[in-house]
Structure formats: structure tokens, C-alpha cells
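J.:
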Amino acid sequence: MEADCTEEFSALVEGGEYCFYSMEYDSCTGLEIMCDVTVTVNNETLSGECDELQAYFNITDEDFEDNSDANNTDSETGDVCYYEDSGSCLEDALTQIEGVTACDYAISSDVCTGEYTCTTTVVVNGVEYSGDCTEI
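The numbers in this note's numbering rise by one with no breaks, and the one at position 75 of the sequence shown is 70.
1. The beta strand (DSSP E) that contains Glu39, what's its start and end?
2. Tell me whether Thr33 sits in a helix, a strand or coil according to DSSP, three-state version.
3. Going by beta-carbon coordinates alone, are Cys98 and Cys84 separated by less than 7 angstroms?
4. So, with DSSP's three-state summary, where would you put Glu57?
5. Sort out for me which residues DSSP pairs Ile102 with in a bridge.
6. For Val122, does the count of other Cβ atoms within 10 angstroms reach 16, so buried, or fall short, so exposed?
7. So, using beta-carbon positions, are Asp80 and Tyr20 closer together than 7 angstroms?
8. Please report the residue range of the alpha helix (DSSP H) in which Glu3 lies.
9. Output needed for Ser125: all residues of its chain with C-beta closer than 6 angstroms, excluding positions within five of it in sequence on either side, in chain order.
10. Kindly identify the DSSP beta-bridge partner or partners of Gly126.
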């Protein structure tokens, strides 16, 4: 998942001009695998891991969260429970399925309850198949 975070970043960091991050999740657990970010503050551009730059600017994940996510948090820990992700799975599919020309997925997961759904659409030899990620 990639997204522009300039609006939130500039509200949190004086002189913040630009913010863009790229994040990957484990599709089975919903946990973050990797997060890289590039920010510009007072015409100086910095890039690195999200955690490192958050520590540098003394900001947290919660600082970026919208209050509308309050219903998606664990009442005891305050952790965000629900996440969604989607994208292309063509690169992986090319190594496993002969004749594949397209592969897309959509994941929704509640890491607090363990509920998880993953759907995919795959095109193989011109025929489109859709269904649960584990069944296709």
C-alpha cells in the first residue's frame, strides 16, 4: 500500500512540506512487514523506515489516525484492529501459474478477532477466475 501523508505530516511537523509512504503487510496475519517513508521539511528531504522517522520527529502512528477509526480499535489496548489492502499479485502468480496474465487481490482483516477475508481475480489463458485467495 502506498499513500500520500502530506496533509497529516504538515499538521504535525512545523515546516513539513511533503510525505509519502510505502507499506507492506503479511497477508495472513495482517501485521506490518515493511514501511518506508520520504518526507520534506524546510526544503530538506529525508527517507527511511517509518519507525525511525517517526521517532526523529517525535510522532506516533496514533498521530496519523483519523478519529473515525475509533470503532476499529481494541477497547483494552487501543490498537487498530481492522485494515484493508488490495493490489496486484501478478508477480507472484507468474512464478506459480502457467499462462497467467492478470492477478489482483483484496484483503480485509480484523487482527484483534482474527477474522480475515481475501478475494482474488486471476486471468489464465484468457479465462477469468474469481474467489477466495486460498481456493483459487
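Glycine is no exception: its CB is placed at the ideal position from the N, C-alpha and C atoms. These numbers were taken from a predicted model, which means no experiment stands behind them.
T.: Inspection of the coordinates gives the following:
1. Glu39 to Glu44
2. strand
3. yes
4. helix
5. Asp80 and Cys113
6. exposed
7. yes
8. Thr1 to Leu7
9. Thr116
10. Thr115
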